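Chains S and X, in that order, are what the protein sequence lines are.
Heads up: the first sequence begins at 1 in our numbering, then just goes up one per residue.
Heads up: the second sequence begins at 140 in our numbering, then just goes up one per residue.
Just so it is clear, CB atoms sit at the ideal spot from N, CA and C, and this is done for glycine as well.
Predicted model only: the values in this text are computed from it and were never measured.
Below is one structure, written out as structure tokens; the observations come after it.
2 protein chains.
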Amino acid sequence: MIDHITSGFAFDVLRILGIDGRGGAVVTAAMNVVSQRQERKDIVKIQDRELKPSEVDRIALIAPKATINIIRNYEVTSKKVVELPQVIRGIMKCDNPSCISNSREPVEAQFRVDQREPIRLRCYFCGHIMEREDVLKQF
Amino acid sequence: MIDHITSGFAFDVLRILGIDGRGGAVVTAAMNVVSQRQERKDIVKIQDRELKPSEVDRIALIAPKATINIIRNYEVTSKKVVELPQVIRGIMKCDNPSCISNSREPVEAQFRVDQREPIRLRCYFCGHIMEREDVLKQF
Chain S
1 MIDHITSGFA FDVLRILGID GRGGAVVTAA MNVVSQRQER KDIVKIQDRE
51 LKPSEVDRIA LIAPKATINI IRNYEVTSKK VVELPQVIRG IMKCDNPSCI
101 SNSREPVEAQ FRVDQREPIR LRCYFCGHIM EREDVLKQF
Chain X
140 MIDHITSGFA FDVLRILGID GRGGAVVTAA MNVVSQRQER KDIVKIQDRE
190 LKPSEVDRIA LIAPKATINI IRNYEVTSKK VVELPQVIRG IMKCDNPSCI
240 SNSREPVEAQ FRVDQREPIR LRCYFCGHIM EREDVLKQF
């Protein structure tokens, strides 16, 4: 179960996980529900599905408060908050076609997190800014 | 609540309704759950939302067994199955660009339902066949 997803972004989380409903996975999504802290949030539950680290990293970019709860026999057996590091590497490309990370040089794209939510990334090489919608286009 | 949606098609129903989660509507979707009849189905619940006839007509094309239940104070106050007529008019265009319904003639596209699920439509004018995925592309 992925809880405390930024409200309105459950579909994006499912897209990151490659779930469109057609694969037969048992999935529940709740959008814009009121949390105990009286804030709006989204929730996604997926049966029998472990998340890969690369998936968790992507989710952290658009829902930095999300928690990943493992439920076995109706009990939460593990709970952890996704981690959004200060520097993002290996997940995304820079949108600036002239950036050295998009050339033939062996330079991997790298970003600094300027703002956590909504995410704003700054390319380490060319300074290009990427907002949440730019990030989502790559997922 | 829209129940008995063809399993795997909850997202398409939400798309037909223009719901992507960002609008703030409280929405729950369950995919590939086992129904009382031991079949897989999808369910969508939307708070405070009436469906337009044109939306119901579109849903019927991809989920002809869907039922639309109105719930007030936790009780089902109305329940009806969507209706898939034998002839479809005014919902979709024919995919064949040479079809007279795509010309400047004042001829409205019209289809016969050849098969209900998955839907298969036959253009009344040019005989062109449209399958479910073709239909979904227009929604």
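Secondary structure of residue 223 (chain X) (DSSP, three-state): coil. When Cβ pairs closer than 8 Å are counted between the two stretches, the segment 261-270 of chain X is seen to touch the segment 226-239 of chain X, the count reaching three or more. Closer than 9 Å to the CB of residue 149 (chain X) there is at least one CB belonging to chain S. Of all alpha-carbon atoms in X:140, X:181, X:218, the one lying nearest the alpha-carbon of residue 21 (chain S) is that of X:181. Here residue 57 (chain S) carries a helix assignment [DSSP, helix/strand/coil].
Around the CB of residue 142 (chain X), 16 or more other CB atoms lie within 10 Å, so the residue is classed as buried. Close to residue 215 (chain X), with beta-carbon spacing below 9 Å, lies no residue of chain S; the smallest spacing is near 20 Å. Secondary structure of residue 91 (chain S) (DSSP, three-state): coil.
In this chain, the beta strand (DSSP E) harbouring residue 166 (chain X) covers 166-173. Across the structure, residue 113 (chain S) and residue 64 (chain S) are spaced so that their CA atoms are roughly 12 Å apart. Per the C-alpha coordinates, the member of S:66, S:31, S:11, S:101 positioned closest to residue 89 (chain S) is S:101. Residue 133 (chain S): member of the alpha helix (DSSP H) spanning 132-137, first to last residue. Taking a Cβ-Cβ cut-off of 9 Å, residue 96 (chain S) has no neighbours in chain X, whose nearest Cβ is about 27 Å from it. By the criterion of a C-beta distance shorter than 6 Å, residue 54 (chain S) is surrounded by no residue of its chain, once the five residues flanking it on both sides are discounted.
Proximity of residue 157 (chain X) to chain S, defined by a Cβ-Cβ separation below 9 Å, is not satisfied. For residue 188 (chain X), the closest Cβ of chain S is not nearer than 9 Å. Between residue 117 (chain S) and residue 6 (chain S) the beta-carbon gap is near 7 Å, inside 8 Å, which marks them as a contact. 19, 20, 21, 22, 23, 24, 25, 26, 27, 28, 29, 30, 31, 32, 33, 34: these are the residues of the segment 17-38 of chain S whose beta carbon lies less than 9 Å from some beta carbon of chain X, given in chain order. Comparing alpha carbon positions, the residue from S:37, S:36, S:38, S:27 closest to residue 173 (chain X) is S:27. At a cut-off of 9 Å between C-beta atoms, residue 114 (chain S) does not count as an interface residue with respect to chain X. Around the beta-carbon of residue 12 (chain S), 16 or more other beta-carbon atoms lie within 10 Å, marking it buried.
In this structure residue 249 (chain X) is not in contact with residue 274 (chain X), their Cβ atoms being roughly 14 Å apart against a cut-off of 8 Å.
The three-state secondary structure of residue 251 (chain X), taken from DSSP, is strand.
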